[in-house]
Amino acid sequence: DFGGQEVFYTMHHMFLTKTGVYILVFDSRELLDLSTKAESKRYLLFWLRSINIHAPNASLLLVGTFCANTHQGLQASNIVIGELSKQFNSQIVANGNLVFFPIDNKERLNIQELRK
3 DFGGQEVFYT MHHMFLTKTG VYILVFDSRE LLDLSTKAES KRYLLFWLRS
53 INIHAPNASL LLVGTFCANT HQGLQASNIV IGELSKQFNS QIVANGNLVF
103 FPIDNKERLN IQELRK
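Each residue of the sequence shown is one higher than the one before, counting from 3 in the numbering used here.
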């Protein structure tokens, strides 16, 4: 877990290795909420680029949390994430027809699919 605060950004490259497997976790609610969507997209794009620069051949799983609360927005989330991540497709581990793994810890939704 890297600190998400900007003060830690300069240190990230020391921990991103070329042989790693990365899991980029985001809050699905923030991606669908108009008041937080732009910031959420900016944050995701920052991490997609950072991982791509420092570990261009590493596998990357995108995981959206709180998906039990956003079930109707699953396709909307997939479209947004698909647009953000299309230039990184060679790294992204797909989840069937989805670009990301929607999970919900409280409801234990899709945890087993992610573990596979």
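We put the beta carbon where it would ideally sit given N, CA and C, even for glycine. These numbers come from a predicted model, not from an experiment.
Pair within 8 Å by beta-carbon distance, residue i and residue j
i, j, result
"I113", "L62", "no"
"F90", "V65", "no"
"S87", "L116", "no"
"L34", "G84", "no"
"V101", "N80", "yes"
"L46", "F28", "yes"
Residue i - DSSP class collapsed to helix/strand/coil
i, result
"F48", "helix"
"L100", "strand"
"F1", "Given that the chain is displayed from residue 3 to residue 118, the structure contains no residue 1 and the question cannot be resolved."
"S42", "helix"
"L26", "strand"
"L33", "helix"
"S61", "strand"
"L18", "coil"
"I94", "strand"
"D3", "Reliability of the predicted coordinates at D3 is poor, the pLDDT of 46 falling under 50, and no value is obtained from them."
Euclidean distance between Cα positions of residue i and residue j
i, j, result
"T67", "R44", "17 Å"
"R110", "I55", "33 Å"
"V82", "L26", "15 Å"
"A40", "K118", "31 Å"
"C69", "Y24", "20 Å"
"E32", "S92", "26 Å"
"N107", "A96", "20 Å"
"I105", "T38", "20 Å"
"N59", "L36", "33 Å"
"Q77", "N99", "10 Å"
Among the options, the one whose alpha carbon lies nearest that of residue i
i, options, result
"T19", "A70, I105, E41, A57", "A57"
"I53", "I105, T21, R31, G98", "T21"
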